[in-house]
Amino acid sequence: MTGTLFFIQVLNGLQLGVLLFLIAAGLTLVFGVMDFINLAHGVQYMLGAYLAVAFYGLVGNFLLALILALAAALAFGLLLEFLVLRHLYGRDHLDQVIATFGIILFLNHAVRVVWGAAPLTLPVPDAFTGSVQLAPGQLYPVWRLVIIGSGIAVATGLYVLVTYTRIGMLVRAGATNARMVSVLGVNIERLFTIVFGFGTMLAGFAGVMIAPIISVEPGMGTNILILALVVIVIGGIGSIRGAFVAALLIGLVDTLGRSFSVDLLRVVMAPSPARMVGPAIASMLIYVLMAIVLYLRPAGLFPARGR
Amino acid sequence: MTKLKPMLAVAAACGLLTSAAHAEDSLKIGVIATLSGPPAVLGTQLRNGFQLAVKDLGGKLGGLTTEIIVADDELKPDVAVTKVKALLDRDKVDFVVGPVFSNILGAIEKPVTEANVILISPNAGTSTFAGKDCNPNFFVTSYQNDQIHEVLGQYAQESGVKKVIIIVPNYQAGKDADAGFKHKFSGEVLDEIYVPLGQLDFSAELSRISAAKPDAVFAFLPGGMGVNFVKQFRQAGLADSITFLSAFTVDESTLPAQRDAALGMLAGSNWAPNLDNPQNKAFVDEYLKEYNAVPATYAFQSYDAALLIDSAVKAVKGNLGDKDALRAALKKADFKSLRGAFKFNNNHYPIQDFYLTKVAKRPDGLFETEIVKTVFTNYGDSYAQYCPMK
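Chains as they are written, first to last, in numbering that gives the first Met the number 0: chain E, 0 to 306; chain Y, 0 to 389.
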């Protein structure tokens, strides 16, 4: 019994992990390649979810809504890059933090003006409603499996893209030494734009995929952004591989911590205080993990080479 | 230009004089509610309900032309105190109506009541002001918070539920909900799950529930948390085998987002849109027409707050200066509440009926909670006995 529960909680952890990866991948590339702190990455995730809801209302088909939302998220990301972020590349990190924080405030309020403050919802596509039985009496929603599957597919695609293509080579080179790449005659501005647009679209994709599970509401990107920052710090800034490993690690540690901390504490404590202390410890675990990783490997688990 | 200045001054003075003369037969009411952030849905309902009542009464409460000044507390106690002080000192309001959330109530109760202004809470009903710290200037038209949880506990007990899992956020109101439910339920509690406030994905918790196989789940997950939990509960296929009991988790403010996922889920309430009396029917229809949404308790309780003020101002014939008479008139609650029978307990919290409600789809495709059965009749809270007021 405990074995199956553990297995299911591992699945839950994987699902959170791949979701985090989708967000962290864009963030780590933008941070690594452009040395740019984009706090507005979380609102891109929110925007993806909102756009999917809006397009679903128009076309009534999930796949079509997904494609339209991705296109719109990409277009919006490029617009944002062109209007605001482009002017901040050479600037101090503090300037970037302040400007992108301003974008968070602006967009959080803008979605409230456009769509209202009430939480919105996106239905699970008909083909993936329902649940599968993983063990007697243990049902698991199909959509969560779809999220895991699509996340792993995206990760594989990214790995191929970054490892075996010319543009991937440039991205890796950019993460190692952007100025050198520029000196060698690569149009670094265009590379930045491509990387940024791609990262934005991945965050939007994560937003669309999670929308059928959680409510779509203003500010939904804020908490996930913090987790994504933890992921890229643990994984090593600029490293896709690091982001993948760290995202799964965070997903598993967080989920398993939430599931079993109370039970573990009950071994050494009375049930009532264990129930109070357990959740508190569980929510600290990932930060403890980050502290330990940073102590042992200050540049993260898989630092981009040459940094 | 030089000639214009004195004329402006005269005009301004006239303006001042007219407004001063006006004050004799007008009533100023400050409404403070959470109108920003995701919980704005609740505050909007509260504000709409109050404005609708004033409109229905022809813009007058107790025969006095009524001006409503709306303030947004932003769900921050310090902001709420600043806004309330402005209502009291600058606008010189006669009543303050609000807020939505208990922590805001804790912050504004003292500033308002100490200024000898009447505070009417159309939603938050903490235990803090129900017992020995009850206040003559403070009235509640909703309920004492614990009572809603007790409704579910009582129902679970009566309906033969044996094993329950409780899931609440890890903060004071969550612990109160847990205690309130267990106060009436004496069956086996398999597990009490405390989640961080604001958690949105409940995959780990749902797997735990699924593994423990309880007869029922009792959830107190207000706002966005509830929207997510209900959807995920349904997606995990648990809704068919486990009874879903809840407080402040499925209501008309969250149903537009939960929709079919919440169908058939149970909650506790002092009212429901389908409560059968002509006055309530008219209210629900009008609210729907005006705001294009089904009203939740927040709207009806603040509608009632307006009716309460109307009755009291009428009783004292518009003489707001005599606070003792005004308080006595309020205490009588001489108005027809949308919920039917209503009176104030000695602690100025209501004595009323409580119902088990169930989520249903309306003929027009919208969702609402509907009454299943009466769980408590003429039910007062357990803190009233410690209140020194008679």
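Note that the Cβ used here is the ideal one computed from N, Cα and C, for glycine as well.
Less than 8 Å between the C-beta atoms of residue i and residue j, yes or no?
i, j, result
"N169 (chain Y)", "P270 (chain E)", "no"
"V194 (chain E)", "V58 (chain E)", "no"
"A218 (chain Y)", "I166 (chain Y)", "yes"
"D250 (chain Y)", "A266 (chain Y)", "yes"
"G220 (chain E)", "Y55 (chain E)", "no"
"Q198 (chain Y)", "V226 (chain Y)", "no"
"S238 (chain E)", "F191 (chain E)", "no"
"S214 (chain E)", "L63 (chain E)", "no"
"A271 (chain Y)", "T356 (chain Y)", "yes"
"G136 (chain E)", "K212 (chain Y)", "yes"
"Q153 (chain Y)", "Y348 (chain Y)", "no"
"L21 (chain E)", "V182 (chain E)", "no"
"A215 (chain Y)", "L196 (chain Y)", "no"
"L319 (chain Y)", "D90 (chain Y)", "no"
"N107 (chain E)", "G218 (chain E)", "yes"
"L73 (chain E)", "M268 (chain E)", "no"
Alpha carbon to alpha carbon, how far is residue i from residue j?
i, j, result
"G203 (chain E)", "G234 (chain E)", "21 Å"
"M208 (chain E)", "I146 (chain E)", "7 Å"
"A134 (chain E)", "T3 (chain E)", "7 Å"
"A20 (chain Y)", "L63 (chain Y)", "Its pLDDT being 38, under 50, A20 (chain Y) is placed unreliably by the model, and the measurement read from it follows with that caveat. For A20 (chain Y) and L63 (chain Y), the distance between alpha carbons rounds to 13 Å."
"V262 (chain E)", "D190 (chain Y)", "The identity of residue 262 (chain E) in the sequence shown is Asp, whereas the question assumes Val. Those two C-alpha atoms are separated by around 10 Å."
"S18 (chain Y)", "K27 (chain Y)", "The pLDDT assigned to S18 (chain Y) is 42, lower than 50, so where the model puts this residue is not dependable; a value taken from the coordinates is nonetheless given after this. So the alpha carbons of these two residues sit roughly 12 Å apart."
"G196 (chain E)", "L77 (chain E)", "6 Å"
"T296 (chain Y)", "F81 (chain E)", "47 Å"
"G379 (chain Y)", "F232 (chain Y)", "33 Å"
"A48 (chain E)", "G184 (chain E)", "38 Å"
"A70 (chain Y)", "E108 (chain Y)", "15 Å"
"T242 (chain Y)", "D259 (chain Y)", "16 Å"
"G89 (chain E)", "Q14 (chain E)", "37 Å"
"M179 (chain E)", "A172 (chain E)", "8 Å"
"R361 (chain Y)", "E367 (chain Y)", "7 Å"
"G36 (chain Y)", "D72 (chain Y)", "11 Å"
"G446 (chain Y)", "S206 (chain Y)", "Residue 446 (chain Y) is absent from the model: chain Y starts at 0 and stops at 389."
"A22 (chain Y)", "V80 (chain Y)", "Any answer about A22 (chain Y) is weak, because its pLDDT of 42 lies below 50 and its placement is not dependable; what the coordinates show is given next. Approximately 25 Å between the Cα atoms of the pair."
"A324 (chain Y)", "A314 (chain Y)", "9 Å"
"V78 (chain Y)", "Q300 (chain Y)", "24 Å"
"D175 (chain Y)", "T125 (chain Y)", "10 Å"
"T33 (chain Y)", "Q44 (chain Y)", "10 Å"
"E113 (chain Y)", "Y385 (chain Y)", "21 Å"
"R265 (chain E)", "T254 (chain E)", "18 Å"
"I285 (chain E)", "N377 (chain Y)", "50 Å"
"S260 (chain E)", "Y193 (chain Y)", "11 Å"
"A305 (chain Y)", "G58 (chain Y)", "11 Å"
"K183 (chain Y)", "T127 (chain Y)", "21 Å"
"S268 (chain Y)", "L84 (chain E)", "50 Å"
"H40 (chain E)", "L224 (chain E)", "7 Å"
Can you pull the chain Y residues whose beta carbon is under 9 Å from the beta carbon of residue i, in chain order?
i, result
"Q8 (chain E)", "S202, A203, S206 and R207"
"S258 (chain E)", "A203, E204, S206 and R207"
"R265 (chain E)", "Simply none; closest approach about 11 Å."
"P272 (chain E)", "Within 9 Å Cβ-Cβ: nothing; P272 (chain E) doesn't reach chain Y, min ~12 Å."
"L46 (chain E)", "In chain order: nothing, as chain Y lies at least about 16 Å away."
Counting only Cβ pairs nearer than 7 Å, list the residues of chain E close to residue i.
i, result
"Q231 (chain Y)", "I212"
"N169 (chain Y)", "P278"
"N227 (chain Y)", "I213 and S214"
"R258 (chain Y)", "T120"
"V40 (chain Y)", "A116 and A117"
"A32 (chain Y)", "Within chain E, no residue comes near A32 (chain Y); the closest Cβ sits about 12 Å away, beyond 7 Å."
Give the residues of chain B in contact with residue i, contact being defined as C-beta atoms less than 9 Å apart.
i, result
"Q137 (chain E)", "No chain B appears in the structure shown, which is made up of the protein chains E and Y."
Could you work out which residues of chain Y lie near residue i, taking near to mean beta carbons separated by less than 8 Å?
i, result
"L15 (chain E)", "D200 and S202"
"V123 (chain E)", "Q234"
"T254 (chain E)", "S202 and A203"
Show which residues of chain E have a CB atom less than 9 Å away from the CB atom of residue i.
i, result
"V194 (chain Y)", "R257 and P278"
Our contact map puts residue i next to residue j with C-beta atoms below 8 Å; I'd like the distance itself, whole angstroms only.
i, j, result
"G61 (chain Y)", "I308 (chain Y)", "7 Å"
"V139 (chain Y)", "F353 (chain Y)", "At roughly 15 Å, the Cβ-Cβ gap does not stay under 8 Å, so V139 (chain Y) and F353 (chain Y) are not in contact."
"Y290 (chain Y)", "N47 (chain Y)", "5 Å"
Mind listing the chain Y neighbours of residue i? Cutoff is C-beta to C-beta under 7 Å, in chain order.
i, result
"G241 (chain E)", "Here the premise fails: no neighbours, minimum Cβ distance about 24 Å."
Is there at least one non-hydrogen atom of the ligand ZN closer than 7 Å to the beta-carbon of residue i?
i, result
"L82 (chain E)", "With respect to the ligand ZN, the structure shown offers nothing to examine, as it has no ligands at all."
Margin query: I'd like the ranges of any beta strand (DSSP E) spanning at least 3 consecutive residues and lying wholly in the region 227-305 of chain E.
Written below: none
Next item on the list: Counting only runs of 4+ residues fully inside the region 15-64 of chain Y, write out the alpha helix (DSSP H) ranges in chain order.
Entry: 39-55
Next item on the list: Please go through the region 162-201 of chain E and give each complete beta strand (DSSP E) segment of 3 or more residues, from N-terminal end onward.
Entry: none
Notebook entry, point to check: Which runs of the alpha helix (DSSP H) fall wholly inside the region 230-298 of chain Y and span at least 4 residues, in chain order?
Noted result: 254-257 and 277-290
Margin query: If we require 3 or more residues per run, which beta strand (DSSP E) segments fall completely within the region 135-168 of chain Y?
Written below: 137-139 and 162-168
Checklist line | Segments of 4+ residues assigned as alpha helix (DSSP H) that fall wholly inside the region 179-223 of chain Y | finding: 202-211
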